[in-house]
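The opening residue of the first sequence carries number 517 in our numbering; numbering runs sequentially from there.
Virtual Cβ for every residue (Gly too), placed ideally from N, Cα, C.
First up is the structure itself, then whatever we jot down about it.
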Amino acid sequence: MAKTRGGLAARSGAGAAGSRGQRPSRISATVPEVYQDMISEALENDHDSIDRPPKRRRTRQALESHTEDAKKEQETHNEHIDEEQESEEEVFEDVLPPAAQTVYNSDSGSDWDDDAFEDIGLYSDPFQPGLGGADGDERDEDQHLDLTLNKSKEVPQKTPRKKGRTFTKEDRATHLMIHKMHLLCLTRYLERRNEWCNDAEVQRILRPLLSAKDRQWFKTNPEWTQFRRTGSIKKGLDNAANIWLTNFKVTARGMRRAYWDEDVSDFVLPPDADRVLDKSDFKRAAMNMEGSRDTGAQLYCALLRGAGLDVRLVCSLQLLPINASSSKTRPPPQGVSTARPVTPTTPTSDGEAMNIGSPTSPFATRATGAPFSARRRLGHPNAADYHIPDTAPPRRLPPPKPKQRRIVESPYPVFWVEVLDEAHQKWMPVDFVTATVNKPSVFEPPAVDAENTMTYVFSFEEDGAVRDVTRRYTKWYSAKVRKTRVESTEGGSKWLRRALKFYSRGWKTDLDQIEDIELQTIEGREPMPTSIADFKGHPRYVLERDLRRNEVLIDPHEIGKVAAGRDASSAGGKGKKLESVFRRTDVKTVRSADGWYRLGREVKVGEQPMKSRAARKATNNDDEPGDVALYTEDQTELYEAPPVVNGRVPKNVYGNLDVYVQSMVPKGGVHLPYPDAARAARLLGISYSDAVTGFEFRGRQGTAVVKGVVIASEYQEAVEAVIQGFKDDEWHAKEERRTLAALRMWKRFMVGLRIKERVDAYEIEGEEKEKVDEYIQDDDEGMQSEEYDMDEAGGFFPEDDGGGFVPE
DNA sequence: ATGAAAGAAGTTGCTTTGTGTACG
DNA sequence: GCGTACACTTTGCAACTTCTTTCA
C-alpha cells in the first residue's frame, strides 16, 4: 500500500489532503464495499506478482553515480518510507482533495513489501531531481521516471539505453492498478462535488445572481414548438454565462493533467492550489464568487439547478496514464498551453506574484499562440481562459491582496455542465470557459496540451447517477482515446462497468436509452483512421500488417485503403503505397491441433489448415523442423475421450488421462480432484486413471500436474466414502496420538507425585526440610523442559481441549 | 510538426509427461 | 529390496514492445 500512497499524492492545484489523517479502521467504514473488493483483488494480484524476483535493468548513468550518493540516498529513502507509511491511511479519505492530481513517486518503488526495503537501496540517478546536482531547469528537461529498485550488487547491463526505460510486467501491472485507483478516487470526489451542487444553501446564496427576468428564459411553455423551447433555454444560458463570467473570479488553479515522473518528496502545495475541501469552503466560494475554474463550474451547476433546470455536472478526469513510458513521464513541454513562466515542479516560484502587463507575463507568451488583443479575446471562444479582470470588473470587491496572480490554464475546461434540452430530449454541454452552448466538439484538448487531456468524461446527474459521455466529446474515440483507457486492458471493460455500477441508479430511463443510442451513433460515425498507427488495436478496423502470428483473416472484405509508407507523402501522389483495410470481425484466432487439444477441442477430419507457422524445433533428432498447421475454432469440434466401458477407465500412452477442461472427462466417468482419490481407488480395486490437468515447468522440462483421478461414475459414491474414511482415520489417529501424549504426561505426573509422597514419608524428625523442597523444585523444572514441551501433548495447558492438568 | 520506417535492446511467452537420493 | 517423499533446477528462441533516429 505504501506504493499506492506514493502514487496518489497530490501534485499541484490540489487540496491539502495531508492534514486529515485517518485510522485504518475508518477506511472500511468509508470505502464502499464494492471498492474494497476491487482493491483487495488488485492487491492480491500484486502479491502474486512479487513472488518471483523481477528482472531489472539499470542504466549506466545510474550505476556510476551510485556510490557517491549512496549514503545520502539511503537516508532520503528511509524518510520516504516513513512518510508513506504515515500517510498511507489517507488514501481513501472521505473528503478527497479538490482537483486532486496524482503523481507517481518513483521513490515508492516497485515493491511495497516492507522487508524488501531493508536490503534494497535506491540508486542515485543523475536525472533525479535534487540528487544529481543539476539545477532546476535542467532537471525538468532530463528528469525521468525511475521506478526501479535494485539490489546494489547487481551487475550493469552491457549497453544501457540513454534515456527512457522499459517496464517489467509487474511495473505495468502496478501502473494499471494505480490508474484504476486514481479513477475510483476521482469519481468519488466528483460524486461528492455533485452532491454539493444540490445543497439548498449554496443555491440560495447564488440565487440573487439571476434576476426574475433572467430566469424567465428557462420557463418554457410545452405548447411552444421544439425550436422555440430550445431557443429560449439557450438564450437563457447565454445570458447566465455572461452574468457568471462577469461575477466569478478565478483565484486558484483547478485540476490539471497528471504525470508520473514528479518527485513528491519535497512537494509543497502551490499557493494557488484550490483549497475547497469541504462544503463550508464551497459555500464560502459561493459567497465570495471566487475560486478555481473547477469550483466555478460546480457553482455554476448549482446556480442552474437552483433555477429549475435539469443539469449534470461533467468532468474530464485528469488521470495518470496507464503506461508510464518515458514519453509520458517527461514534464510538460512548454508548448501551446503551458504558458507558465516557471517550471511546474518548482512550486515556490510558482506562487510568485506576476504583473499581467509585463512582457514576461503569460499574456506576452501567449501572444505567439493567440495573437489577439485582450478586448478581442472577449468574444473569442477561449476568452474565459484569460480571465481578464480589467475588462470584466467583478461586482464584488476582490479580497485585499497585494498583487493579482495570473492563473494560466489550458484553454479547454476540465469541469463543465450539461443542461437538458427537454424539447429534444438531449443533453447540451454548457461551458463558460469556452463560452459555448451545445458545441461538444470544442471541449477536447489537442494531444499536445500539457495541462489537459481527455480520457474519461463522466457526467453526474442531480440524483447522483453517473454516465460515461466521453464519446460525445472526443473525435477519435476508437482510434486514440480508447487505447488510453482501462478498456484497452484485459478485463478492463468489465472492471469499469463494475466501478460505475456503484453510481448507477439501477435502471435506465428513457432519456438514458436515447443517450445510449446517441453515443453509439457517434462512435459508429467515427471515420477510418488516417494514420497507420491508429489502426493498431482499433476495435473495428485492421491492417494485415498488424495481424499476430496466431491470427488470420477469414473471408476478408476489403473496406478501404490507407496510404502507408514514405511514398505516400511524395509529391504528385506518385508511387503511393496503399494498404488494404479489413474489418476486425474478419480476424480469427488460429491454433495448432495440439493447442486446440489443450482446450479440449479436436480438429475435424479433413480440415485444411488456414495458416502454418514454422515449428520451433524438431521434436526428434531425425525430424526436420517442419511447419505447424494452424486451424480456426470453426474447424474444430469438442474432443470426446474414449468412454468408460464396464467400469474400465481408458489411459493414454503415459498411463494417465488428460483432463485439461471438464469436457475431456470420458463418458461414464467422473473426475475426483482429491489427492487421496488414487489411494482410495486402489483400495477398492477399481479401475482408475490419474487426471492430468496441466503442466508446470520444473527444470528444463515440463512435468504433468496430476490432480485426482478419473473413475467410472458408478464408483463415485464408494470412492468418496473411502476418502471420507481416510479423513476420519487420520483424525482418529491424530486424536489417539494426542490422548497418548496426554496420558504419558499424566503418568509422569502421577509418578512424580508418588515419589514425592514416598520421600515425604521418609522424612524423619529433625531433618532439614530444604533438601526435599529442592528436590521437588528440580523435578518441576524437568517437567517443564524438553519432552514435556510437546505441541501435540495438550494436557498441560488448560486452554487445550485435551484437558489434563487442570481437573474439570 | 508529424508520422513511418528501421534498427536496437530489452521483455514476454511458448515450450509441455524427470531424476537422484534419503529414508522407512 | 522396494516404495515414497523430496530436492533439484530454471532452456532457448521468436515474437513482441518500446524507444531512438532518420527522413519525407
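Worksheet item: Per DSSP, what kind of secondary structure is W1023 in: helix, strand or coil?
Response: Three-state DSSP puts W1023 in coil, outside helix and strand.
Fill in: CB-CB length for Y1155 against G1116, believed under 8 Å
5 Å
Discussion item. For L819, count the other beta carbons within 10 Å of its own beta carbon; 16 or more makes it buried, fewer makes it exposed. Which is it?
Written reply: buried
Discussion item. Run through the DSSP bridge pairs and tell me what F743 is partnered with.
Written reply: None, per the DSSP bridge assignment.
Worksheet entry | Local conformation of G1201 per DSSP, three classes | coil
Worksheet entry | Residue nearest to E1034 in terms of C-alpha spacing, selected from Y989, R1014, F1051 | Y989
Discussion item. What does the alpha-carbon distance come out to for the pair Q1029 and W943?
Written reply: Here the alpha carbon of Q1029 sits roughly 13 Å from the alpha carbon of W943.
Discussion item. On a Cα-Cα basis, can you pick out the residue from R773, R800, E1074, E978 that is closest to F764?
Written reply: For the residues R773, R800, E1074, E978, the minimum Cα distance to F764 belongs to R800.
Fill in: Contact belief for S748 with W760 at Cβ below 8 Å, rounded distance in angstroms
The Cβ separation is near 18 Å, so there is no contact.
Practice prompt. Determine the DSSP secondary structure at S975, reduced to helix, strand or coil.
Written response: strand
Practice prompt. Use the C-beta contact count for N1168: other C-beta atoms within 10 angstroms, 16 or more gives buried, fewer gives exposed.
Written response: exposed
Item to complete: Compare the Cα-Cα distances from V997 to each of N758, V1165, R1014, T969 and report the closest residue.
Response: T969
Worksheet item: Does the distance from the CB of V1226 to the CB of V1165 come in under 8 Å?
Response: yes
Fill in: Residue burial classification, L700 (beta-carbon count within 10 angstroms, cutoff 16)
buried
Worksheet item: With burial defined as no fewer than 16 other Cβ atoms inside 10 Å of the residue's Cβ, what is the status of S626: buried or exposed?
Response: Unreliable positioning characterises S626 in this predicted model, as indicated by a pLDDT of 32, which lies under 50. The coordinate reading is nonetheless provided below. Per the 10 Å Cβ criterion, buried.
Worksheet item: In angstroms, rounded to a whole number, what distance separates the CA positions of H1054 and R1099?
Response: Rounded to the nearest angstrom, the two C-alpha atoms are 10 Å apart.
Fill in: Residues of its chain near Q994, where Cβ-Cβ distance is below 7 Å and the 5 sequence neighbours each way are ignored
Note on identity: in this sequence residue 994 is Ser, with Gln being the wrong assignment. E1039, E1042, H1054, P1055, R1056.
Worksheet item: Short check: CB of D788 to CB of A813, under 8 Å?
Response: no
Item to complete: From the DSSP output, read off the bridge partner residues of C831.
Response: Beta-bridge pairing links C831 to F931, F974.
Practice prompt. Check Q1151 in the structure and name its three-state DSSP category.
Written response: Here Q1151 sits in helix by DSSP.
Practice prompt. Report the rounded CA-to-CA distance for P613 versus R709, giving the unit in angstroms.
Written response: Summary for P613: the model assigns pLDDT 35, below 50, so the residue's position carries little reliability; its value from the coordinates is reported in the next sentence. Cα-Cα distance, rounded: 11 Å.
Item to complete: Assuming D1150 contacts A1130 (C-beta within less than 8 Å), just tell me the rounded distance between them.
Response: Cβ-Cβ separation between D1150 and A1130: approximately 24 Å, too far for a contact (criterion under 8 Å).
Item to complete: Taking V1181 as the reference, give the member of H940, R828, F683, D1206 with the closest Cα.
Response: D1206
Item to complete: From the DSSP output, in three-state form, read off H940 for me.
Response: coil
Worksheet item: G807 and V792 look like a contact to me (Cβ under 8 Å); what is the Cβ gap, rounded to whole Å?
Response: 6 Å
Item to complete: Can you have a look at M1266 and say buried or exposed, based on whether 16 or more other CB atoms are within 10 angstroms of its CB?
Response: exposed
Item to complete: Going by CA-CA distance only, name the one from Y1176, N1066, A1109, I838 that's closest to V1103.
Response: N1066
Practice prompt. Just confirm the distance between the C-beta atoms of L1259 and V1235, as a whole number of angstroms; I'd bet it's less than 8 Å.
Written response: Incorrect: roughly 36 Å between the Cβ atoms, too far for contact.
Worksheet item: So, helix, strand or coil for F683, using DSSP?
Response: Of the three classes helix, strand and coil, the one that applies to F683 here is coil, per DSSP.
Worksheet item: Quick one, which of P837, T690, P945, M693 has its alpha-carbon nearest Y816's?
Response: P945
Worksheet entry | G1218 versus G1076 - alpha carbon distance | 46 Å
Item to complete: Reducing DSSP to helix, strand and coil, say where I1070 ends up.
Response: coil
Worksheet item: Quick one, are the C-beta atoms of N692 and V953 less than 8 Å apart?
Response: The residue you asked about is not Asn; residue 692 is Leu in the sequence shown. Not closer than 8 Å, so no.
Discussion item. Counting C-beta neighbours from all protein chains within 10 Å, is the total for I1271 16 or more, i.e. buried, or is it exposed?
Written reply: exposed
Discussion item. For V935 and P738, what's the separation of their Cα atoms in angstroms?
Written reply: 17 Å
Worksheet item: Is the beta carbon of V1002 less than 8 Å from the beta carbon of K696?
Response: With contacts defined by Cβ atoms closer than 8 Å, V1002 and K696 form a contacting pair.
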